[in-house]
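One structure is given below, encoded as structure tokens.
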Amino acid sequence: MIEFRLLGTLHLTDAEGREVTSLLTRSRRLALLAYLAAATPRGLHRRDTLLALFWPELDQEHARAALRQALHVVRDALGDDVVVTRGDEDVGIDGDRLWCDVAAFDRALAARHLAEGLELYRGNLLEGFFIPGAAEFERWLDDERARLRQAASHSAQALVEQCEAVDDLRAAVEWARRAAQLAPHEERPLRQLVTLLDRVGDRAGAVAAYEAFAKQLGADFEAEPAAETKALLAAVRARETATPAELRGPAAGGPGAAAVTLPAPGRPRVVWPALIGAGLVSLLLAADAGGWRALLWPKPAAGRVRSLAVLPLENLSADTLRSWYADGLTEALTTDLGRIRSLLVIARGSATPFRGTSEPLQQIARELHVDAVVEGGVQQSGGVVRLDVRLINAATGYQLWADRFEEPMQNRFAL
Numbered sequence: 288m289i290e291f292r293l294l295g296t297l298h299l300t301d302a303e304g305r306e307v308t309s310l311l312t313r314s315r316r317l318a319l320l321a322y323l324a325a326a327t328p329r330g331l332h333r334r335d336t337l338l339a340l341f342w343p344e345l346d347q348e349h350a351r352a353a354l355r356q357a358l359h360v361v362r363d364a365l366g367d368d369v370v371v372t373r374g375d376e377d378v379g380i381d382g383d384r385l386w387c388d389v390a391a392f393d394r395a396l397a398a399r400h401l402a403e404g405l406e407l408y409r410g411n412l413l414e415g416f417f418i419p420g421a422a423e424f425e426r427w428l429d430d431e432r433a434r435l436r437q438a439a440s441h442s443a444q445a446l447v448e449q450c451e452a453v454d455d456l457r458a459a460v461e462w463a464r465r466a467a468q469l470a471p472h473e474e475r476p477l478r479q480l481v482t483l484l485d486r487v488g489d490r491a492g493a494v495a496a497y498e499a500f501a502k503q504l505g506a507d508f509e510a511e512p513a514a515e516t517k518a519l520l521a522a523v524r525a526r527e528t529a530t531p532a533e534l535r536g537p538a539a540g541g542p543g544a545a546a547v548t549l550p551a552p553g554r555p556r557v558v559w560p561a562l563i564g565a566g567l568v569s570l571l572l573a574a575d576a577g578g579w580r581a582l583l584w585p586k587p588a589a590g591r592v593r594s595l596a597v598l599p600l601e602n603l604s605a606d607t608l609r610s611w612y613a614d615g616l617t618e619a620l621t622t623d624l625g626r627i628r629s630l631l632v633i634a635r636g637s638a639t640p641f642r643g644t645s646e647p648l649q650q651i652a653r654e655l656h657v658d659a660v661v662e663g664g665v666q667q668s669g670g671v672v673r674l675d676v677r678l679i680n681a682a683t684g685y686q687l688w689a690d691r692f693e694e695p696m697q698n699r700f701a702l
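Residue numbers (our numbering): 288 to 702.
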């Protein structure tokens, strides 16, 4: 079978294991093959979509001719039966003839084979790859890189929790290191790693992990770790004596263990009691600040979020009087995001007219001239406040990030 690896080092070999240099040296045709093999939903793709992605500068006639020529080169290099078509408009790749690591990664995670999936994730999708004059392809590539990296990070964090549940701290530490590496600007996996290193008695390692994170965060974003992360490190440093926990479990139980499953989908995270007294917005930024930071990278690049608007959060509670709470969270979230120096946040007054609108998010983003929009809702039910937040890419309409936060009502009146 043909093997096509896109995660990390680019690798394409034919059925006999020989490197297919004729495609590896032709960037646009290689990009076309990568899209056909990795893009979701998988299967057939419309030719018009491919023309807009790879030949936007050409008219219809010349773009179709360029696509036909590119598919001819792919067939010539890999075999006629690798490319499949339906009529004159749909084209795809035969998954029985070509194995792609991106598709295999997604299948492994969907089947809850997390360790197997992480073995396939060897780096960013098409790392360092670029083709000139193809902004839509670059946008797709940026979005897919973010999606795959986030999926890998979340899987590593799930493996940490599963290893902790069976008291295999050695494996938990290793998976925590992997999670922190996959999300170098996220504070949740860092806190997970620091906590575990502290539990096994490696306080020096915990401090070193924190300091490396803080240094990188300052260099990339001119920011500091959240108050909760600082408090965790202070507690580690203040512990003059600690009994190292026994590193239970066989070494083989680390990365490579297979019998681990993801948490049930849709299950909300319950916020830890140490944050009582902090505002819900502060919680949002502290609990998953890196989820934003990974997307709010300051260097200009197609598809990256450099400007956004926070739409009015929807009050989903039966009590309409609770709308003041949603408004307060909207204002606080807008203010806190505005403190990120590399990010332009539209003033709340400009976004308020879109409250309750049925206008598509992409249209709203175009009217506000932003790269992305934040939307969500707040609901009080049974003494619990739930906040759902989503970050939407304006160009593609894709959801870049989403999370749910939940707290007892009595803990959340700092606003």
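Glycine included, every Cβ here is placed at the ideal spot set by N, Cα and C. In this text, all values refer to a predicted model and were calculated from it rather than measured experimentally.
- Taking all protein chains shown into account, ASP383 has fewer than 16 neighbouring C-beta atoms within 10 Å of its C-beta and is therefore exposed.
- Annotated as distal: GLN650 and SER604, with beta-carbon spacing of 8 Å or more.
- Secondary-structure assignment with DSSP links SER594 through a beta bridge to LEU631.
- Taking C-beta atoms under 8 Å as the contact rule, ARG465 and LEU294 fail to qualify, at a distance of about 14 Å.
- Between GLU290 and TRP386 a beta carbon distance of about 5 Å is seen, short of the 8 Å cut, so the two are scored as contacting.
- Secondary structure in the segment 358-406: the beta strand (DSSP E) runs of 3 residues or longer, each lying completely within the stretch, are 370-373, 377-380, 385-387 in chain order.
- By the criterion of at least three beta-carbon pairs nearer than 8 Å, the segment 442-458 is in contact with the segment 480-488.
- Apart from the 5 residues on each side of it in sequence, LEU317 sits with its Cβ closer than 7 Å to the Cβ of LEU310, LEU311 in its chain, given in chain order.
- Inclusion of ILE627 and PHE500 in the CB contact set at 8 Å is not warranted, their separation being larger than that value.
- Scanning ASP614, GLY663, PRO640 for the CA closest to the CA of LEU655 turns up PRO640.
- In the three-state DSSP reduction, TRP688 falls in the strand class (E or B).
- Counting C-beta atoms within 10 angstroms of its own C-beta, SER442 has 16 or more neighbours from the protein chains shown and is therefore classed as buried.
- Straight across, the Cα-Cα distance linking GLY505 with ALA495 is about 15 Å.
- Around the beta carbon of TRP462, a 10 Å sphere encloses 16 or more other beta carbons of the protein chains shown; the residue is thus reported as buried.
- Per DSSP, SER440 is not a residue of any beta strand (DSSP E); the alpha helix (DSSP H) it occupies stretches across 422-452.
- Annotated three-state conformation of ILE289 is strand, per DSSP.
- If the five residues before and after GLY664 are omitted, its C-beta is found closer than 7 Å to the C-beta atoms of LEU600, GLU601, LEU603, ASP675, all from its own chain and listed in chain order.
- With contacts defined by Cβ atoms closer than 8 Å, LEU483 and VAL460 form a contacting pair.
- In this structure, ARG292 places its C-beta atom within 8 Å of the C-beta atom of ASP388.
- Under DSSP, ASP675 takes part in a beta bridge, and its partners are GLY664, ARG691.
- Collapsing the DSSP output to three states places LEU310 in a helix.
- Residue environment for GLU431: buried (at least 16 other C-beta atoms within 10 angstroms of its C-beta).
- When the five nearest sequence neighbours on each side are left out, the beta carbons in the same chain lying within less than 8 Å of the beta carbon of LEU480 are those of VAL460, ALA463, ARG464, ALA466, ALA467, ALA493, ALA496, in order along the chain.
- Boundaries of the alpha helix (DSSP H) around THR336: 334-341.
- Shown here, THR639 sits in a helix according to DSSP, grouped into three states.
- Scanning its chain for C-beta atoms nearer than 6 Å, with the 5 sequence neighbours on each side dropped, one finds around GLU403 the residues ALA395, in chain order.
- Listed in chain order, the non-local C-beta contacts of ALA357 below 8 Å within the same chain comprise ARG315, ARG316, LEU319, PHE341, local neighbours out to five positions each way being set aside.
- Counted as a single uninterrupted DSSP element, the alpha helix (DSSP H) harbouring THR516 occupies residues 514-525.
- Pairing VAL657 with ALA682 gives a Cβ-Cβ distance that is not under 8 Å.
- When the beta-carbon positions are compared, ARG677 and GLU693 stay at least 8 Å from each other.
- In the three-state reduction of the DSSP assignment, HIS298 falls in the strand class.
- Setting aside the 5 residues that flank it on each side, GLU344 is surrounded in the same chain by GLY420, each with a C-beta closer than 7 Å to its C-beta; the list follows chain order.
- Looking at the DSSP output, GLU601 sits in a beta bridge with GLY664.
- In the same chain as ASP377, and ignoring 5 residues on each side of it, the C-beta atoms closer than 8 Å to its own belong to LEU331, HIS332, ARG333, ARG334, in chain order.
- Take the alpha-carbon of ILE633 and the one of VAL671: they are about 30 Å apart.
- Your pair ALA390 and ALA324 checks out as a contact, with CB atoms roughly 7 Å apart and the cut at 8 Å.
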